[in-house]
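Step one of this worksheet: look at the structure below.
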DNA sequence: ACGCTTACCTACCACTTGGTAGGTAAGTCA
DNA sequence: TGACTTACCTACCAAGTGGTAGGTAAGCGT
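Residue numbers (my numbering), protein chains in the order written: chain Z, 1 to 207; chain P, 1001 to 1207.
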């Protein structure tokens, strides 16, 4: 029961924080700079988020939910297991490309695996990876593989997707906008061929 | 002609700076904290590197040289082009795993494509990527592909390698040390199969 | 012996950082 | 109407930031 309309200030702060954390990292973004462009003082921010770390944690939580929500999407189609894996990762690729700041910040969190904010960034990974492992294991050729073998496989795909999404700005600076856009258009096909060929190869022999 | 022995202070500072920049990012590492563990004051650092950004640039330059030196290694063996590509990326994978801080900082630089220190981090990428493109194009099935097609392919491998190297600490926290070590041992084989299968698929048709 | 350079040091500076204390205006509910 | 909550604000603070100014002790070349 708010007594004074907030005009979604909390959400505005979260959005601005996401952008600045993604762009400059946790230390590079100050709570003053986060709210400056909103025309507020930092005390407005501290009113909604008692510390900078709490704010950071909330931003990460929002990102995790966004990624988790990816799975709630088209999943009813009960077609081929391999096609499901493909669809899952192509969707992930699109999501990462469309949500640059979220992807960037997530990768940053991977880099900064410091003990901060209760390792907020990592807990979500478990269910995220669990889903992937299950989907891959639904493919006949991989049914008997160990979780770690599947994870080793999936990690090559995750890396390919994440890395591609992250480096487009830098590569654009090197090669120019047109060339990189051409690359991004070819990328999903490349990714699909990559996934299919490594899936088709089947699991390596057990030890 | 140094008049007083420096005991390699400059190199010690560079090494400490590398570790701290990798761990906490440019803003998170202060010049005071970088030299604190060396028992020096920040003025010692400023004596060798007039500004923090110059120091950062020097650290990045060292990293680039390390990656560039990878190519100077075993390259005389004039065997199969595909094997050369494999060997190149397996060596890169080993190097990234063995040089965690360098890899981390490089990826950070990809994230922070800010206009800082004259974009020190990106200039090196051109020759690095050029070498890769040439090596892939030496493979018959890819001889007539465009540079961008090759780059799209190589980027999936780079992403797989880099991402894997970066995320081992975080994954270790989630799954435990033993499991992740098992994963890392399986990774080169996984990587090789990945590269071989995508190389064998050949270049997509030209538009 | 002397001047010069190197390799640091102490002292200091303006500014920014995250955070506290305490206020005020507006709306909600009894 | 009056108690209470929400949504901010100004004022302030200790600690830390990158960087400057100016020193000092040691070694080298002449």
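Think of the CB as a built atom: it goes at the ideal place given N, C-alpha and C, for glycine as much as any other residue. On a predicted model such as this, the values are computed, not experimentally measured, just so you know.
query	result
Residue from Z:15, Z:110, Z:92, Z:83 with nearest C-alpha to residue 69 (chain Z)	Z:92
Three-state secondary structure (DSSP) of residue 1039 (chain P)	coil
Complete beta strand (DSSP E) runs within the segment 121–204 of chain Z (minimum length 3 residues, chain order)	none
Burial state of residue 1051 (chain P), where buried means 16 or more other Cβ atoms lie within 10 Å	exposed
Close beta carbons around residue 111 (chain Z), own chain, < 7 Å, minus the five adjacent residues each side	none
Minimum Cβ-Cβ distance from residue 99 (chain Z) to chain P less than 7 Å	no
Cutoff 6 Å; reference residue 1045 (chain P); Cβ partners in own chain excluding five residues on either side	1013, 1031, 1035
Residue 202 (chain Z) and residue 1160 (chain P) closer than 7 Å at C-beta	no
Own chain, CB closer than 7 Å to residue 1168 (chain P), minus 5 neighbours either side, in chain order	1180, 1184
Residues that residue 183 (chain Z) contacts on chain P, provided the C-beta gap is smaller than 9 Å	1148, 1149, 1151, 1152, 1155
Among P:1033, P:1043, P:1182, P:1148, the one whose alpha carbon lies nearest that of residue 172 (chain Z)	P:1148
Interfacial residues, the segment 6–20 of chain Z to chain P, with Cβ spacing under 8 Å	none
Candidates P:1164, P:1194, P:1199, P:1175, of which the one nearest residue 1099 (chain P) by Cα	P:1164
Integer-rounded CB distance, given that residue 1150 (chain P) should sit under 8 Å from residue 1085 (chain P)	Contact doesn't hold; Cβ gap of about 11 Å is too wide.
CA-to-CA distance, residue 1006 (chain P) to residue 63 (chain Z), given in whole angstroms	48 Å
Same chain, Cβ closer than 6 Å to residue 15 (chain Z), neighbours up to 5 away in sequence not counted	none
CB contact check: residue 1039 (chain P) to chain Z, cutoff 7 Å	no
Inter-residue Cα distance where the pair is residue 1189 (chain P) and residue 146 (chain Z)	15 Å
Within chain P, partners of residue 176 (chain Z) - CB distance below 9 Å	Near residue 176 (chain Z) there are no residues of chain P at all, since even the closest Cβ is about 11 Å away, more than 9 Å.
Within 7 Å, strictly: CB atoms of residue 71 (chain Z) and residue 9 (chain Z)	no
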